[in-house]
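Report on one structure; see the data block that follows.
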Amino acid sequence: MVTITKSETNYNIPMDNMSDSSISKVITGTIKMRLLIWKRYPSVFVGVFLEMVVLIVMFSIFSSAARFAVLETMTENEMMIFFMSGIILIMFVNIALWSPINSVNNDLYNGTLEYVYSTPASRFGYYVGYGLADLIIRSVFVVPVLVTLIVLSDSGLMNSVTIIGVILMIGLMVVSMGVLVGLTAIVWKQTSAIAGILGTLFQFVAGAYFPIQSLPVAVQYVAMVLPFTYGYDLIRYYAFHGDWVPILPIPIMWIILLANAVIYYLVALKMLKKVEKKAKRQGLHLL
27 MVTITKSETN YNIPMDNMSD SSISKVITGT IKMRLLIWKR YPSVFVGVFL
77 EMVVLIVMFS IFSSAARFAV LETMTENEMM IFFMSGIILI MFVNIALWSP
127 INSVNNDLYN GTLEYVYSTP ASRFGYYVGY GLADLIIRSV FVVPVLVTLI
177 VLSDSGLMNS VTIIGVILMI GLMVVSMGVL VGLTAIVWKQ TSAIAGILGT
227 LFQFVAGAYF PIQSLPVAVQ YVAMVLPFTY GYDLIRYYAF HGDWVPILPI
277 PIMWIILLAN AVIYYLVALK MLKKVEKKAK RQGLHLL
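Numbers 27 to 313, taken from the numbering used here, label the letters of the sequence shown in order.
What follows is the structure, encoded as structure tokens:
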């Protein structure tokens with residue numbers, strides 16, 4: 027019988043008590059693991075910083091280009107508010123798509139997932155922990171952008187709290203979405219192409235760069251299916267103090283965001299059962 031010791035599981039979930047498989051313990055352990063990796067490998071942190079810098083530069087370029095197209099009536103300050111709203115949520119797109127795929131690929135390679143599936147630990151808590159850890163890490167960059175947005179928009183207390191509420195709702199949704207994407211990566215292995223397509227839709231079609239009202243009608247219908255569309259629109263509505271024409275009534279957009287968070291959660295649970303069966307039948311090793 028093989029005995030697992032702490033020295034043999036450097037990056038596995040810390041298991042002070044192997045019989046304790048509560049979801050809160052697993053989530054906490056996974057967050058600690060991810061933060062430890064980020065601390066030990068600062069190059070990853072630098073990569074996220076450079077990603078944010080590139081995003082800001084890209085939006086600056088788009089700002090000058092779009093000014094003479096669909097947003098020509100906006101002032102320079104209003105243009106900045108418009109694009110800052112996009113920058114905030116694009117960081118969440120990466121958490122929903124690329125972070126879980128990269129994490130799953132690394133853990134499959136290192137054997138960490140095989141270890142998790144061989145213990146009584148909550149697998150769902152493990153995947154949720156990944157998403158929450160990335161939210162914590164990326165908040166280092168999101169918070170300054172959010173503060174800048176609130177200062178530029180002079181939103182006031184109520185609008186500022188509502189903007190934060192929208193961001194928290196999106197965060198809740200992308201954690202469940204990230205669990206689903208991560209599980210899909212386990213089942214189908216090569217999912218980077220799919221994530222690339224979704225990333226393009228979540229940014230260009232959902233309205234990060236341009237109001238969806240300026241897009242062709244057929245593309246607007248596609249945008250209405252994407253959950254990030256309502257996140258961009260809600261943040262801009264509150265940042266502009268209500269002086270923004272929403273694509274749908276505000277209460278309906280809130281309901282859609284909440285419904286998406288619940289749907290992704292339920293679908294992720296269903297997918298988890300499929301992965302459980304696969305793990306028992308043939309293991310989780312790379313093909």
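Idealized CB from N, CA, C, for every residue including glycine.
- For Thr226, the secondary structure class from DSSP, reduced to helix, strand or coil, is helix.
- At the C-beta level, Ala265 and Ile107 come within 8 Å of one another.
- Between Leu178 and Ala294, the C-beta gap is not smaller than 8 Å, which leaves the two residues out of contact.
- With 16 or more neighbouring CB atoms inside 10 Å of its own CB, Asn120 falls in the buried class.
- Contact annotation, Ser125 with Gly222: C-beta distance approximately 14 Å; criterion of less than 8 Å not satisfied.
- Taking a C-beta distance under 8 Å as the contact criterion, Ile116 and Val168 do not qualify as a contact pair.
- By alpha-carbon distance to Gly191, the top candidate from Ile289, Trp280 and Lys51 is Trp280.
- Residue environment for Pro170: exposed (fewer than 16 other C-beta atoms within 10 angstroms of its C-beta).
- For the segment 174 to 229, the continuous alpha helix (DSSP H) assignments of 4+ residues that do not extend past its boundaries occur at 182 to 214 and 218 to 226, in sequence order.
- Note that the segment 144 to 157 does not touch the segment 253 to 264; fewer than 3 beta-carbon pairs, one per stretch, sit closer than 8 Å.
- The shortest C-alpha to C-alpha distance from His267 to any of Ile189, Glu140, Thr54 and Lys51 is the one to Ile189.
- Contact between Val231 and Leu206 does not hold, since their C-beta atoms are separated by about 20 Å, which reaches or exceeds 8 Å.
- Taking C-alpha positions only, Ile163 is separated from Ile278 by approximately 31 Å.
- Between Ala219 and Leu241, the alpha-carbon positions lie close to 24 Å from each other.
- Taking all protein chains shown into account, Asn286 has 16 or more neighbouring C-beta atoms within 10 Å of its C-beta and is therefore buried.
- Rounded to the nearest angstrom, the gap between the Cα atoms of Asn131 and Ala211 is 8 Å.
- In the DSSP assignment, Pro253 falls within the alpha helix (DSSP H) that extends over Pro253 to Ala265.
- Our two residues, Lys304 and Asn136, have alpha carbons roughly 18 Å apart in a direct line.
- Ser148 places its beta carbon 8 Å or farther from that of Val288.
- Looking from the CA of Met199, the closest CA among Val187, Leu284, Ser181 and Val142 belongs to Leu284.
- Taking C-beta atoms as the reference points, Leu274 and Leu123 fail to come closer than 8 Å.
- Between the alpha carbons of Thr145 and Gly151 lies a distance of about 13 Å.
- When secondary structure is reduced to three states using DSSP, Phe167 falls in the helix class.
- In the structure shown, Val248 falls within a helical segment according to DSSP collapsed to helix, strand and coil.
- Assignment of Gly137 by DSSP, reduced to helix, strand and coil, places it in the coil class.
- Closest in alpha carbon position to Ile57, among Val187, Met105, Val201 and Trp214, is Val201.
- Inter-residue distance for Phe118 and Phe228 is about 10 Å (C-alpha atoms, whole angstroms).
- The alpha-carbon separation between Ala244 and Ile238 amounts to approximately 11 Å.
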